[in-house]
Structures are given as structure tokens and as C-alpha cells.
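**Q** Quick one: the structure is below, questions incoming.
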Amino acid sequence: MNKTTIGFKIALGFLLVFFIFLMLAIFIIDRLSGMHDSISNLTRISQNSITVLDINKDIADLQRSALVYGQSGTDAIIKKMSLTYDNITDNLSRVQSDTNDRQSKQLIENMQEVVRRYGDNISVLKSRYQFRRELMNIKLPQIRQLGLDYLEQLRNKSALNNNIESQLLISELTRSWLQINLDSELFLYEKEYPLKKSVYSNIQKILKASSGLSQPELRLTNVLPQHNLPPAYDNFYFSDLIRQFKRVFDQAVQANRVYSSLVNVVMAGEAIEFTTLSKKLRQRTIDLLKDISQSTTKNVFQGEQVIKLSLLISAPLVLLIIIYYHTTISRAIRTLADAFNELLQGNLNYAIPGLNRKDEIGELANAANAYKDVGEKLKKEKAKAEEITKIKSEFLANMSHEIRTPMNGILGMVSLLHGTKLNAEQEDMLNTISSSGKSLLTILNDILDLSKVESGKIELEKKSFSLKDLLNELTFTFTNLANEKEIGFSLAIVSEHYPEYIIGDVTRLKQILINLLTNAIKFTEQGSVDLQVSCTPLKNKHYDIQFRVIDTGIGISEQAQESLFQAFSQADTSITRKFGGTGLGLTISAKLANLMGSSISLYSSPGKGSIFEFEVTLPEGDKPQKKITNTVKPKFNSDIKILLVEDNPVNIKIASMMITKLGYACDIAENGEQAVEMVKRNNYHMIFMDMQMPVMDGIEATEIIKQLEQGKHVPIIAMTANVLNEDKEKCFQAGMEYFIPKPINISIIEDTIDRVIESEKNNESVLEE
């Protein structure tokens, strides 16, 4: 079977199952031809169930009305119940006529029967209430009054007035009679159930007491002539009234019970039964197919036996097919998926299953194996690339350090010589040395910037800055450069409204614009260079800011434009010879623009000038808070002691001469270990610390000094040729507060010392002493 495809295997299995169920379906259709009509009515039955829900609410209203009628007995309630009942029967009839399903019809018929019985109970409810009312409100009061009249007749007979014992008996009977009637009313109307026992107890007592009326002297027939007595009056009349009262009271109790049972049991039960039937009807809409199968005829029952037999045969067969598919397809796909996950997680040693299979799973397994091989190659290439990148970074860092160290000597001495007396020829030669050194430093910085961009080590800042100040600074700088070449320079803001402050990396944005403007002025011999800025407001206080640098320079051919943004590339070698430069500026600018989510576009033709433009989207910012500092520079103070930690003799000579020339005392340590010992013995106000030194480097020395009592408050300024961002981070993490890169000049040293002194004054440090 491994030589056949998975599709064939699945098709074969489905074909077998399909054949079994096709024969089964033909048999079912032949026996259950009426099932189609029942299924087609499923939607209508479901809709009708909503109507039944409304009817169920009406039944609940009827039940509440029945309870209210038991309290008031008003005909308006009966009328309302009759109208509601008519509405229920109409709705049920409509549902019944709209239902074709037999079992649903049966449920609706049952509901109609329940509603019919409920309707009959509405009529019975009125008669029961009237019967109860007749007993409680008419018969019992009549009997009570007859008894009172009888006792009053006895009381008023003069023959009894002189008999104190008889008068007391009649008074006791009257009181007991009234008590029995009061207790019976409270029990029947207020449902004070303990009084029922009291009624029966008092009836027995008054029956016993009424036997005294049979004494000859108390017989009414001995007092009045027989013809003056009512027909019902005899010597046992009162006892009969008591027994009659008991019978009517029993009837009233029974009528009360029957009425309550009718409302709270019978009618409530029918309401509950209706609710149950409505739930069954809703359930019927869900499992109608099951109900249809249960409502089949005897032939269908026989068909079910055949179906069961068919299923009994087909179930094991289907189970075998499922097990086969699971073991040969599903499990194999799962293991392949696990293999792919392992490969994606970098586990290239994971064994790929199913390589020997001849179907699609085997193809997937071989694809996974090929992916594994490619992954292993890529892993090796990645490791190789990372090693090359590491070597390149180390080379650039070492090259930067090694070049900056002699550059520091050259530019440092130039800075010191500028402060001495020189003739014109010497001044010109010194300026040439300075210009050449700065050009070399620019090239070095460009190479480092390109390396950082390509390695992804540049992270853009997000700080608020003034767009106006940035443009004014560029205008001031490049107006002077343009004037030197006798060409024009202009700034044009073509938008009426633009944000005063925006959030972004002002340093990198300025670097792009400086590179573009520098190139434009460099390659423009006549005419002008223009910087155009436009702003388009977006949502959420964001702006699209477009910068365009337009020049009337030599222009660039289409062929040269294709490689213009590549590193170390210019339009042609003659341009390099004539104008100089490494070709890194545009490359760095293009990559920085990409980091900002933009790209630099170029429109140019030879002899007609060029247009460089890019667009960045930045949010509006707030005005940055400026620190208030004392602008008065401190006077020279030889009492301020500075420790210079440097291992290179040239750098020691230059830095110490600059510090001394500025009027400060300077001690020298040639490595970090000497610096630690000198800090222990002396009090220094600041320390200039190199990073790379023998014995102990500047990072370790700083960490130790910051733990000393004499050194934990002393500001440490990193002064190093290691200028990468990670070098700066190492310095700051070690505890250094300032960072100045080599090469240095006396102005940088002076500004740094002034900043440290001013900062310490603001922090109320020992420098104030």
C-alpha cells in the first residue's frame, strides 16, 4: 500500500463506507418516505414554539388572575381571564394548523387539552367561589342569627328573669355561640388554622351546655303556648342549630379547601403541565429526527432492526478504517509536524520520520529533511557571518582606537599650538594639519556609523526637539559654506502651519540633512542650493514632514544613480579625484532614513542639478525643559586637583599640558591600579579616565574607586578612543558620569571641566568649600 497515494487510500475507504451507507439510505428512504415532510416542517415548528412561549406567559397571567379573584371576587377579573383564554385557544389553533409533524401536533393537542381544562376550571372557579361565598357569607351568618334570636327569646321570657341560674346558662351559651362564630370567620377568612380546633372544641362544649335547656323549667314550650312557637322551635332546637352550624362549617371548610385546591393545585398544576409541554415542544425542534424515528410504523421498526444489523457489521469496519488512517496518516502527519516544530526551534539533529514512504507523507518527510539540510547550512553560514561580523566589529573598534590615539596626539598638539604665538606661515601650516586631521576623523566616524547601521546597533532616540531651531542651525551653517563658494543658499518652509516641536532623533535627522546639504554645496559650482520643508497634518497629532534639497550642480546620470547609495560609491572616479570624499555620506543617510521608516528619492540629470527628498512621520512634541545653569565660567583655580589616568605617553603629555594650561593642578596615573592607590591617598575633585590600560583597565578602576569612601563622590570623566555605543554603556554602568571621545582639544577639556564644576556647585559638592 505504500506505493499508492494517500488520496487513493482515503478515496477507497470513503468509497467502502459510502457503499454501505448508500444501501442503508436506500432502505431507510424506502421505509420512511414520510420523514422528508416532517423534517421540512422543522423550521415552522421552531417558529411556532416562540408562539407557545407567549402562550405560556398568558397561562402565567391567568394563574395570577385566579389568585387575585379569590381575594376580590369581581366579575371584571373573570372577564379578563375569559378574554385571555380565548386568545390562548386562538393561538394554539393557529399553531396546530401550521404544524405537520405528528409528534408536535400531539404535543400541541395535549396543550390544547390542558388549556381546555384550564378554561373549564375558569367556569368552575366562579361557581366554586360563589358556593364558598354562599356558605361563608350567607348560611353561616343565618345560622348564627337564628341561634342568637333563639337565645334572646329565652332571655326575654319573664319566667326566666327571676331564675339566676338559668340566666347565667343562657349568657354562657350566648358567649360561646358568638365565640364559635368569631373563630369560624377568622379561620375561614384569615386562614388562622389553630382556630379550627378551637371551633370544634367549643361546639362540643356548647352542645354539652345546651343540654341544660332540656330541663322542664327551661323548655320554651313550658313558657310559651305551643301555638306561639315557630314550627322549628322545640325543646332541642338550639342543639339542632349547633349541629347544623357544624355541618355548614364543615361544608365551608371543604369549599375553602376545594377552592384553594382548584387554584393552587389543579389550575397551577395545569399551568405547570402546559409549561412542561412547551419545553417538550422546544426540545422537539432540536431532536426532531430522533422523534421522527420514534414515531415510525411497524415497518419502520422492522427497518430499524435491519439498520442495527447493518451498523453492527459496518461499525467494526469503519473503526478499522479509522484506526488504519490514524496509524498510517494522522499519526505520521503529527510526527512530521513535531519534526517541523523541532526544526523551526533550531533542533537540526531531530530525526525525520517517514523518509522511506512512497506517498505524499514521504514527500513531506523528504522536504523536511531537505529543510533540515538547508537549515544546517544556514546555521553554519550564520555562525560564520556572526564570526565575521564579530571580527569586523573588533577590527573596527581596534582600528578606531589605534587611529584615534595618534590622532589625539596630532589634533591635541594642534589645539595647544593654536594657543601660542605663530607667524602667518606657521598658522597656515597648522590649519592644514588641523583640517587634514579632522577630515581623517570624519572618514573614521563615517566608517563606524556605517558599521553600526549595518549591524543594527543604532537605536533611534525619541525626544522632543524644536524643528525651527534645527532649521535655523542648518541655515546658519550652510549659508556660511555657500558664501565661501560664492553660491546661494535658502531655506523655504512651504507649509503655513507646522509643529514647533516634534518627537524624534534630532541627531540622526540632522546627520541626514547635513550629508545631503554638504554634497549639494560640494557639487555646485554656480547657482544655488535650496532646502525646502513641508508639513502635512495627520490624525492623532502626527505630521508627514518632507525635506527636499535642491541644487544646480553637476547632476547625476541614470546609470550612476543606480549605485549612488552603495557604500564607497560615487558617480565616477573623476568626481572622486576632483571633489574628494569616500562616498559613505549618502549610504549612511539612506540607511538612517530607512530606520525612520522612509527612503531617499533622487531626481537628477547631468548638467541640470539634483533633487534629494525624503519624508518622515513624527508626532508633535512638547517644549523641552531647559536646565537653568550659571553662565559665568569659573575662574582658574589651582586648588582644584585633577587626576589624569592614561597609559599613552603622548596622550599623557597632551592632556596634562591642556589641564595645566587651563590653570588646574594635575596628577598622573599610568594605569588603573595606580589610580586606585592615588585616590586612597589624595582628595581629587575629578578624574579623567582612559578605558584600555595595562595592569588594570579604566572600567575596573572606576568600579573600585566608586566603592571607596574617598572616591564615591568624585566625578569620573571617560576620555577614551573607544567610541562605540557599547563602550559608552560600559563606562556609564561602571559609574562614570561623563564621556568625551578622543581626539580631544583644549576647548573640549575646558568645557568638560566647567560642566563638572558647575554641576558639583549645583549639587552643593565639596567644590564650594
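Going by our numbering, the sequence shown opens with residue 1398, and the numbers climb by one from there. Just so you know, even glycine gets a beta-carbon here, dropped at the ideal spot from N, CA and C.
Assign Thr2117 to one of two classes, buried (16 or more other C-beta atoms within 10 Å of its C-beta) or exposed (fewer than that).
**A** By the neighbour-count definition (other C-beta atoms within 10 Å, threshold 16), Thr2117 is a buried residue.
**Q** Using 10 angstroms around the beta-carbon of Val2163, count the other beta-carbons present and answer buried if the total reaches 16, otherwise exposed.
**A** Residue placement at Val2163 is poorly supported in this model, since its pLDDT is 35, which falls under 50; the coordinates still yield a value, given next. It is exposed - the Cβ of Val2163 has fewer than 16 other Cβ atoms within 10 Å.
**Q** What residue does the beta strand (DSSP E) around Ser1863 start on, and which one ends it?
**A** 1860-1863
**Q** When the Cα of Ile1417 is compared with those of Arg1529, Gln1641, Leu1709, which residue comes out closest?
**A** That would be Leu1709, whose Cα lies nearest to the Cα of Ile1417.
**Q** Closest to Cys1932 by CA distance: which of Asp1902, Tyr1895, His1939 is it?
**A** Tyr1895
**Q** Counting C-beta neighbours from all protein chains within 10 Å, is the total for Thr1402 16 or more, i.e. buried, or is it exposed?
**A** exposed
**Q** How big is the Cα-Cα spacing for Val1596 and Gln1550?
**A** One C-alpha to the other measures close to 25 Å.
**Q** For the beta strand (DSSP E) that contains Leu1928, what are its first and last residues?
**A** 1925-1934
**Q** For Tyr1895, which of helix, strand or coil comes out of DSSP?
**A** coil
**Q** Can you look up Ile2114 in the DSSP assignment and give me helix, strand or coil?
**A** strand
**Q** Roughly how many angstroms separate the alpha carbons of Asn1828 and Arg2152, rounded to a whole number?
**A** 28 Å
**Q** Please report the straight-line C-alpha distance between Val1414 and Ile1730, rounded to a whole angstrom.
**A** 23 Å
**Q** So does the segment 2066-2078 actually touch the segment 2088-2097, counting three or more Cβ pairs closer than 8 Å?
**A** yes
**Q** Please report the residue range of the alpha helix (DSSP H) in which Tyr1597 lies.
**A** 1591-1607
**Q** Measuring alpha carbon to alpha carbon, tell me which of Arg1541, Asp1451, Ile1985, Leu1565 ends up nearest Leu1575.
**A** Arg1541
**Q** Where does Phe2009 fall in DSSP's three states?
**A** strand
**Q** Helix, strand or coil: how does DSSP classify Val1650 here?
**A** helix
**Q** Are the beta-carbon atoms belonging to Glu1822 and Leu1864 less than 9 Å from one another?
**A** no
**Q** In whole angstroms, give me the CA-to-CA distance for Arg1974 and Thr1817.
**A** With a pLDDT of only 42 at Arg1974, under 50, the local geometry of the prediction cannot be trusted, and no value is derived from it.
**Q** Can the beta-carbon of Phe1886 be found closer than 9 Å to that of Ile1911?
**A** no
**Q** Give the C-beta separation of Lys1602 and Ser1573 to the nearest angstrom, bearing in mind that I take them to be a contact with Cβ-Cβ under 8 Å.
**A** 6 Å
**Q** What does DSSP give as the partner residues of Gln1943 in its beta bridges?
**A** Ser1931, Glu2012
**Q** Can you give the Cα-Cα distance for Lys1860 and Ile1899, rounded to whole angstroms?
**A** Using only the alpha carbons, I get a separation of about 8 Å.
**Q** Compute the Euclidean distance between the alpha carbons of Met2075 and Arg1905, then round it to the nearest angstrom.
**A** Each residue's Cα considered, the two are about 41 Å apart.
**Q** Which runs of the alpha helix (DSSP H) at least 4 residues long sit entirely within the segment 2035-2075? Give them in chain order.
**A** 2046-2058, all fully within the segment 2035-2075.
**Q** In whole angstroms, what separates the C-alpha of Leu1819 from that of Tyr2135?
**A** 34 Å
**Q** Can you round the beta-carbon distance between Val2042 and Ile2101 to whole angstroms, since I take them to be within the 8 Å contact cut?
**A** The Cβ separation is near 12 Å, so there is no contact.
**Q** Can you tell me whether Asp1756 is buried or exposed? The criterion is at least 16 other CB atoms within 10 Å of its CB, across all chains shown.
**A** buried
**Q** For Leu1961, which of Phe1528, Glu1739, Leu1913, Phe1635 has the nearest alpha-carbon?
**A** Leu1913
**Q** Measure how close the beta-carbons of Asn1453 and Ser1675 come, nearest whole angstrom, since I'm counting them as under 8 Å.
**A** 5 Å
**Q** Rounded to the nearest angstrom, what separates Pro2016 and Asn1916 at their Cα positions?
**A** 29 Å
**Q** Restricting to Cα atoms, I'd like to know which of Leu1638, Val1811, Asp1770, Asn2079 is closest to Pro1538.
**A** Leu1638
**Q** Give the range of the alpha helix (DSSP H) segment to which Gln1474 is assigned.
**A** Before going further, note that residue 1474 is Ile rather than Gln in the sequence given. It spans 1472-1494 - the alpha helix (DSSP H) in which Ile1474 sits, taken as one unbroken run.
**Q** Taking only the alpha-carbon atoms, compute the straight-line gap between Val1926 and Gln2089 and give it to the nearest angstrom.
**A** 45 Å
**Q** Should Met1664 go down as buried or exposed, given a rule of 16 or more other Cβ atoms within 10 Å for buried?
**A** buried
**Q** Roughly how many angstroms lie between the CA atoms of Tyr2081 and Leu1741, to the nearest whole one?
**A** 57 Å
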